[in-house]
Amino acid sequence: MTWRLPWLVLLLAAGPLLAQVPAPANGSNDGNNGAVLVEKNVAVPMRDGVVLRADVLRPRGQGRFPTLVYRTPYGKHNALGEFVIFRRAAERGYAVVAQDVRGRYASAGEFSAYHQEGADGYDTIEWAARQPWSDGNIGTFGLSYPGAVQWLAAVEAPPHLKAMVPAMTLSTPRQFFYSSGAWDMSWIEWIWNNIAPDARVKKNLPGPRTEPEALAQWEQKHESFERALPLQSLEPLRQVAPYYFQWLDHPPDDSWWNWAELRDKYDRVSAAVLNLSGWYDEDYGPEGATTNFLGLLASRRSAGDPRTQLLIGPWIHGVEETGITHSGEREFGPAARLDYDQVVLAWMDHYLRGAANGVERQAAVRLFVMGDNRWRDEPSWPPPAARGTSFYLAGGGKSVRGKLQPVAPADEQVSVFTSDPADPVIDPYAGRLGAHDYRDLARRSDVLLFDSEPLAKDLEALGPVTAEIYTACDCPDFDLWVRLLDVGPDGTAFNLMSPGSDVLRASYRDPAHRALLTPGEVYKLVLPNMRTGNVFKAGHRIRVQLSASFFPAFSRNLQSGELESTSAKMRAASIRIYHDTEHASRLVLPVIPR
């Protein structure tokens, strides 16, 4: 399973992608000696009286400074001990507040993941603005959980928040805890390895109390954890993470989740926002970055400068990964590297300090095009030059292999496979994000493949991808996975996105409410959250890979109509994929004309 990054990993790398501002000369890195003053475990009171603790770094001497806030559940001591952006910012003239969130490490209170971060983030931002060393201009930064806390605080409208760089994070809990109706199983690993050890220390509970101990036990136990049904029966998490079971109590269409919903709250946010993600980020990352960017633009339609930009590279989840040149098995060359620290600080320099560094003149959208391995500047998302180009599913029949072609087949065609949740399709690269060679899945009888002919010339796909599949099942519910792959002349079949963007639970074909299927009835299922930036080179094939499971990244649909959160009743099912003129199943790629 993939992690929601144990802590923010920062790397000073070559080739910054955004405007640079010269940094001041380096100061000392040893505690309070030199240019930076460090105050440990400063009390930050919340509105309910609970005291959170923060370390504060600031330039030595008198003065008021623009202030950066970073909030983490992974231990501020870990972040400050390993990453340079905090001291680099202080040497640049910022005060920096690094805080343990409620109930984690040095901070008091009960940790309930994400739920408390809106109010606590607001209170921390406004506390920082009142300090004698702050000039009242506050910015926030961080990735994954430290990215989510920024948004949850921002929609509470703290008046002193002026700039944000939330990286690789959500827009909605419906595509974060779930993905289009399917439960994200990586929460189990996230809790076990990253959250539970400190929770056991605080609550004096048995079990591993350090990350190495947790990792060792995970290797022994993860298969039994992942296969446990119902999901609510996973007792090893009950005392350390009672909120996990609260999450499972609420399906994605439940209004209970509205506390973490951002999509209807952009008009509450006045800060300048740089949205950052990667094509191989966790599935919620590129969805979150693009959705939040568009939401801010819509809410600021009348503004001359909307003060928001979108940056998507070829990276997997983790800022360390932005400084290297490959994702999984694909190499992208030196252009893929990003100096994350400089990107963050340049954004803050402009919007907190008024530096004339050109940040506001950069392209609103900057996208890395895999395959060509270059950056493309665009005025908007989706790229305006992209043209929806259909590739229709054809052939197949009793074979698991079919074709992708430019016109819908005229005769009635159907492909059939049997899905058994007791024997799900296993992701051979589970827990390893990035591009991997999935050609061996073609050996399974419950995986359908549809390949184009070898391309006569390069084809650039950049933007949202749509899959429209006509299907029927002899069951009341199933999951449809539509994976997009780039197949090289040697047969290498690389995925173009992380698992989760490419799944739809049939009963959530309307995300607003769950509705079971009528067995045997044909339905049009539209997958809404796929996107890529990739050049399929001449001689390559475009592949669509269909299945009804992709385990253990996401939970298994029991196919009985019952939810896996509360039931273990499963059944095998026969699934039919239609592809003819009346039922024109297709993939729609955003093709950039060349």
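Counting from 1, position 169 in the sequence shown corresponds to residue 173 in my numbering; the numbering is continuous, with no gaps. The C-beta atom is built at its ideal place from N, Cα and C for all residues, glycine as well.
For residue 267, same chain residues with a beta-carbon under 8 Å away, outside a window of 5 residues either side, are 175, 176, 295, 299 in chain order. When DSSP states are grouped into helix, strand and coil, residue 176 belongs to the coil group. A distance of 7 Å or more separates the beta carbons of residue 595 and residue 439.
Between residue 200 and residue 153, the gap from beta carbon to beta carbon reaches 7 Å or more. Linking residue 507 to residue 482 through their CA atoms gives a straight-line distance of about 11 Å. Contact between residue 523 and residue 478 is confirmed by a C-beta separation of about 5 Å, below the 8 Å threshold.
Separation of residue 238 and residue 97 (C-alpha to C-alpha, rounded to the nearest whole angstrom) is 48 Å. The beta carbon of residue 51 is closer than 8 Å to those of 123, 127 in its chain, skipping five residues each way along the sequence.
DSSP places residue 80 in no beta strand (DSSP E) but in the uninterrupted alpha helix (DSSP H) bounded by 80-86. Within the same chain, Cβ atoms closer than 7 Å to the Cβ of residue 202 are found at 108, 109, the five residues on either side in sequence being excluded. Judged by their CB atoms, residue 404 and residue 356 are not nearer to each other than the 7 Å cut-off. Here the alpha carbons of residue 352 and residue 90 stand approximately 13 Å from one another. Between residue 61 and residue 48 the beta-carbon gap is near 15 Å, outside 8 Å, which marks them as no contact. Residue 319: member of the beta strand (DSSP E) spanning 312-320, first to last residue. Contact between residue 369 and residue 539 does not hold, since the beta-carbon distance rounds to 18 Å and is not under 8 Å.
Runs of alpha helix (DSSP H) with 4 or more residues, each lying fully within the region 340-365, are found at 344-357, listed in chain order. Shortest Cα-Cα distance from residue 311 to any of 319, 292, 363 involves 363. Look at residue 193 here: in three-state DSSP terms it is helix. Contiguous beta strand (DSSP E) elements confined to the region 268-337 occur at 276-284, 312-320, taking only those with 3 or more residues. The continuous stretches of beta strand (DSSP E) do not include residue 265, and DSSP gives it neither H nor E. Shown here, residue 421 sits in a strand according to DSSP, grouped into three states.
When rounded, the separation of the alpha-carbon atoms in residue 64 and residue 44 is 15 Å.
The beta carbon of residue 518 sits closer than 7 Å to the beta carbons of 255, 257, 511, 512 from its chain, once the five residues preceding and following it are set aside; these are given in chain order.
Counting along the chain, residue 159 sits inside no alpha helix (DSSP H), nor does DSSP assign it H or E at all. A Cβ-Cβ distance of about 15 Å is found for the pair residue 550 and residue 469, leaving them out of contact under the 8 Å criterion.
Around the Cβ of residue 223, a 10 Å sphere holds fewer than 16 other Cβ atoms; the residue is exposed. Annotation: residue 582 is outside any alpha helix (DSSP H); the continuous beta strand (DSSP E) that includes it extends over 577-582. Proximity of the region 530-538 to the region 280-297 meets the contact definition, three or more beta-carbon pairs being nearer than 8 Å. 264 is the residue among 86, 264, 458 whose C-alpha sits nearest the C-alpha of residue 159.
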